[in-house]
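Heads up: the sequence shown runs through residues 2 to 188, numbered per the numbering used here.
Note that CB positions come from ideal geometry on N, CA and C, so glycine has one too.
Quantities reported herein were computed from a predicted structural model and do not represent experimental measurements.
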Amino acid sequence: MLTILTGCTSPNTITQTTASPTQSPAPTASLTAPKSRDEAWLEATRTIVDFVDVQYAIQADTGANPERIEPYATGSALKHVKDVAAGLAEKHITTTGHPKWSPNASASTFGDLNPQGGATIPNGIVYVRGCFDVSDQVPTYAGGSPAPVSSQRIYPVQFNVLYLSTDRTWKVDSLQNIVGEQGAPAC
């Protein structure tokens, strides 16, 4: 199960959010496209923090109300969270313990986003790489017995975060475990 992260701008600091699992952060809209890589980095990592908080809240609620992720996710990331939520609900699994995320600025890259029918957005996609740590997460069945966990508890991840000009916001489009990939940070 790939759970998700929180972010910061320091490349080697592991952080976690402080929101309780039943609270969801309010999405913040960026009124304009990013003007620089620094601005894109700040907005992308902030989006990941919110994404991870909401994903964790869904996991802590046994997969209930997975639509809460929609303000923070699109594409395969949205599908992933909803699929995991459905599996948790079906198996009556609740997860406690917030994941930790440490973004790595030097391993991350930027790209131009070319929306269909729109102008190119420089730095409109940020490929945020870093280390994800789920070692504090404990999944349990409704009866209290432990649910299975992956043996890999700390691993490198890449989040692809897009600026959506139609919504004037950033969303996580995809995420993937990048163990063994060239340029993956050592975790």
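### Task
Using 7 angstroms as the cut-off, classify the Cβ of Phe111 as near or not near the heavy atoms of the ligand HEM, replying yes or no.
By its list of ligands, the structure shown contains no ligand whatsoever, and the ligand HEM lies outside what it can speak to.
Self-check item: Opening and closing residue of the alpha helix (DSSP H) in which Asp84 lies
Solution: Per DSSP, Asp84 belongs to the alpha helix (DSSP H) from Gly76 to Lys92.
Discussion item. Closer than 8 angstroms is the cut-off here; do at least three beta carbon pairs connect the stretch 53-63 with the stretch 177-187?
Written reply: Verdict: no, contact absent.
Practice prompt. Alpha carbon to alpha carbon, how far is Thr121 from Val139? Give it in angstroms, no decimals.
Written response: Per the coordinates, the alpha-carbon of Val139 lies some 43 angstroms from the alpha-carbon of Thr121.
* Asked: Which one or two residues does DSSP pair with Gln159 in a beta bridge?
  -> The bridge partners DSSP lists for Gln159 are Arg130 and Gln177.
By the three-class DSSP mapping on this structure, what secondary structure does Thr23 have?
Note on Thr23: pLDDT 48, under 50, position unreliable in the model; no value is reported.
Go to Tyr57, then tell me how far its alpha helix (DSSP H) extends in each direction, as first and last residue. If you look at Tyr57, you'll find it in the alpha helix (DSSP H) that goes Arg38 to Ala61.
- Message: Let me confirm a value: His81 is counted as buried when at least 16 other C-beta atoms fall within 10 Å, else exposed. Which label applies?
- Response: Burial call: buried.
Checklist entry - Who are the near neighbours of Leu89 in its chain, counting only those whose CB is closer than 7 angstroms to its CB and skipping five residues on each side? => result Only Gln60, Thr63 and Gly64 meet the Cβ criterion.
Closest by C-alpha distance to Ser136, when choosing among Gly144, Tyr156 and Tyr142:
Across the set Gly144, Tyr156 and Tyr142, the C-alpha of Tyr156 shows the shortest separation from the C-alpha of Ser136.
Just reading off the beta strand (DSSP E) that Pro140 is part of, what are its end residues?
Per DSSP, Pro140 belongs to the beta strand (DSSP E) from Val139 to Tyr142.
message: Looking at Ala1: is its Cβ nearer than 8 angstroms to the Cβ of Pro67?
response: An answer regarding residue 1 cannot be provided, because it is not within the stretch 2 to 188 covered by the chain.
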